[in-house]
Each structure stands twice: as structure tokens, then as C-alpha cells.
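Structure first, then comments.
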Amino acid sequence: MRLIAFEHEGRPALGARLGDEVVALADVVPGLPADILSAFAALNLPEGASALAGRLEGAPRRPMAGLKLLPPIPRPGKVICIGLNYALHAKEGGNAIPDYPAVFMRGPTSLSAHGQPLVRPKVSDKFDFEAELVIVIGKRARHLTEADALSCVAGYTIMNEGSVRDYQRKGAQWTMGKNFESTGGIGPEIVTPDEIPQGPNALRITSRLNGETMQDSNTSDMIFSVPRILAILSEAMTLEPGDVIATGTPSGVGYARKPPVFMKPGDTMEVEIEGLGMLSNPIVAEAA
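This is the structure:
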């Protein structure tokens, strides 16, 4: 199943995409909460996916064309990010291969939906791209083991974890460079685990800037696999429905190129992950 969030009568709504049409979940799930996070929790994913799919047959549909897509979880409770999770990416930046993941957070206002602009801030021209697989949590979880970690996963989506490199390096923490408004793209949809039988750690991941391939790798190259990431994070925090976890980017990012390549106004950035589709965002300048 492929789930989207879209704007309906000025409010966020959840839907299931069926080809070029969408079923609003409020039409097929009686009593579905209006609040997106509460609604997402009520779906009880991943177990609830098959029951939900059964309700879509014969349900009223509307065309995808003309819908305003929102980030798949418009206001996630947590946006957790893993840094330096591909060995070649660590090496291209002159970093040692980590034996424990680098973990940092992004705020929801730093993210834009598929098709919406990413904003290069006026204070920097070092606006870099990072193709990333994103885990979307479906069930409350704590103290997971690697063996049972995937039981809490509602599905997966895509992120361009846009980074303002000079601000990322101004201090010991990366927070400033990762949290400029509307600098990261996420979406277009959440794909439930049954749609990717090969699992999350066997997916080709690529990025393209104006049609030119920048990154081309596979999630099998992660240092810390999806189950390992979930087990480690859940040692410290409770994972909640709607939390999103970006799992790191492969090599080929802009700052490591010679000469460096950064996103600029007028560009189009695409990230594609096998089985999950393609995320595309135009780049614009921050308003004066």
C-alpha cells in the first residue's frame, strides 16, 4: 500500500494512492481521527495494512492530479537522522568509519513535500543534497532487538536531507546546518513493507541534480542496518507512530566533489529509491 498526505478543505488528510487516483482514508475508516498523528496511530501499521487494503475496493476515488501533497507525516513528533552511515560517504568527508551511529534531529519546519520548493537560505550558497531512505514508525516501541525491530515499521519513504554545509560546521553539533526552513524534501508517499519484499537493506538509491546522477548506491551498503538503527535508538527513546528516521546518505554529495557542487535556485533535485518512487523538488532562493 502507498499512503499519502494531502490538503483537503484546508486541512491535512491521509489517503491511499491507487495508480493515479487516491482514496481518502476518512471515507473508509469509520471514526478515523482528524489529527494526522492520531489517525496514523489508529491505522495500526504494519499489521493493519491488509485490513485497510480490503476496504479500498469500491471506495470513492479522486484524481491525484491537482492534489496538493504534504509531507507524508506533516508534523512528525520526531525527525531523527543518522549521519555517516555509508562507509564511502564517511571516507569522502575525511571521517573515520563509525562504530556507533551519529544521531541528530531535524525540526518539521525544515521539511517540504514532494513537488514543493526547497529554499536556499540567503546567508549561504553551500546548499548540499543527501539522498536517504526514511523509516516511518507505525507502532509505539521501546527496547527493540534487531530480530523484532521491523515489527514497529509502518513503511518507508524518501528524503533529500538538504544540508547547509558551512552552518553545519560552525559548531560541534550539526543542528544549525540541518534545520534551515524548507531545506529538506520528504515524500512523496509511505510505502508499506509488503510492497518491498526484498527488505529495506537491498534497495538501489540514487540522486540526480538537473538530470545528472550525483549518487548511485544501495542500502545494503549501510554501516548500520535498519534493524540495528531501530534497536539502538529504542535503547534511549520511545519510538511513536509517525516518527520518521532518515538513515544516512551514500557517497557523491556535493561538498566532497572537486570542484564542489551545490544546489542553487533554478535547479531540480530528484532522489529515487527502488520500490519507493521518486522525490522531486525545485530549488528557489529565500525571499528577500
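If you count the sequence shown from 1, position 10 lands on 10 in full-length UniProt numbering, and the numbers rise without skipping. Don't be surprised by glycine CBs; every beta carbon is placed ideally from N, CA and C.
For Arg204, count neighbouring Cβ atoms within 10 angstroms of its own Cβ and tell me buried if that reaches 16, exposed if not. exposed
For His143, does the count of other Cβ atoms within 10 angstroms reach 16, so buried, or fall short, so exposed? With fewer than 16 Cβ atoms within 10 Å of its Cβ, His143 is classed as exposed.
List the whole-angstrom C-beta distance separating Val136 from Ile73, where the pair is believed to meet the contact cut-off of C-beta under 8 Å. 7 Å
What residues in its chain sit with their C-beta under 7 Å from that of Asn93, if we drop five residues either side in the sequence? Reading off the sequence, residue 93 comes out as Gly, not Asn. Result list for Gly93: Ala256, in chain order.
Selected residue, minimal CA-CA separation from Asp221, among Glu132, Pro63, Cys152 and Pro108: Glu132
So, with DSSP's three-state summary, where would you put Ile97? coil
Three-way DSSP call (helix, strand, coil) for Ser163 in this model: strand
Enumerated in chain order, which unbroken segments of the alpha helix (DSSP H) with a length of 4 residues or greater are wholly contained in the stretch 62-145? 87-92
Under 8 Å between C-beta atoms of Ser110 and Lys68: no
Suppose you measure from the CA of Met263 to the CA of Gly252; what does that come to, to the nearest Å? 13 Å
Note down the Cα distance separating Gly48 from Leu150, rounded to an integer number of angstroms. 14 Å
With 16 other Cβ atoms within 10 Å as the buried cut-off, status of Val191: buried
What do you get for Ala59, buried or exposed, if any count of 16 or more other CB atoms within 10 angstroms of its CB means buried? Exposed.
In chain order, each beta strand (DSSP E) run of at least 3 residues that lies wholly inside the stretch 175-220: The stretch 175-220 contains these whole beta strand (DSSP E) runs: 184-191, 204-209 and 212-218.
8 Å contact criterion, which Ser234 and Ala141 should meet: CB distance rounded: 6 Å
Rounding to the nearest angstrom, what Cα-Cα distance links Phe224 and Asn85 in this structure? If you draw a straight line from the Cα of Phe224 to the Cα of Asn85, it comes to about 6 Å.
Kindly indicate which residue of Phe104, Ala13 and Arg120 has the alpha-carbon position closest to the one of Ile245. Comparing C-alpha distances from Ile245 to each of Phe104, Ala13 and Arg120 shows the shortest one belongs to Phe104.
Hey, how far is the Cα of Gly155 from the Cα of Val226? Going from the Cα of Gly155 to the Cα of Val226 covers about 12 Å.
Roughly how many whole angstroms lie between the Cα atoms of Leu25 and Gly15? 5 Å
Measuring only the C-alpha atoms, how far is Glu270 from Asp216? Near 12 Å, if we compare the C-alpha coordinates of Asp216 and Glu270.
Identified DSSP bridge partners for residue 291: Outside the modelled stretch of the chain, which goes from 1 to 288, sits residue 291, for which no answer is possible.
Please go through the same chain and pick out, in chain order, the residues whose beta-carbon is closer than 7 Å to the beta-carbon of Val28, but skip the five residues on each side of it. The beta carbon of Val28 sits closer than 7 Å to those of Arg55, Leu56 and Ala59, all from its chain and outside the five residues before and after it, given in chain order.
With Gly6 as the anchor, note down where its alpha helix (DSSP H) starts and where it stops. Sequence inspection shows Phe at residue 6; the Gly mentioned does not correspond to that position. Careful: Phe6 lies outside any alpha helix (DSSP H), inside the beta strand (DSSP E) at Arg2 to His8.
Cβ distance (whole Å) where Ile70 is taken to contact Ala113 below 8 Å: Residue identity check: residue 70 is Leu in the sequence provided, not Ile. Indeed, because the Cβ distance is near 5 Å, the residues count as touching under 8 Å.
Pull up the distance between the alpha-carbon of Lys139 and that of Pro76, whole angstroms please. Going by the C-alpha atoms only, they are around 14 Å apart.
In whole angstroms, what separates the C-alpha of Lys91 from that of Pro98? 11 Å
Just list the alpha helix (DSSP H) runs in the stretch 27-59, keeping only unbroken ones of 4 residues or longer that don't cross its boundaries, in chain order. 36-42 and 49-56
Coarse secondary structure for Ile283, derived from DSSP in three states: Strand.
Determine the extent of the alpha helix (DSSP H) in which Ala172 is found, giving its start and end residues. Element bounds for Ala172: n/a, residue is neither H nor E.
So which of Ala172, Leu118 and Ile229 has the shortest CA-CA distance to Pro200? Ile229
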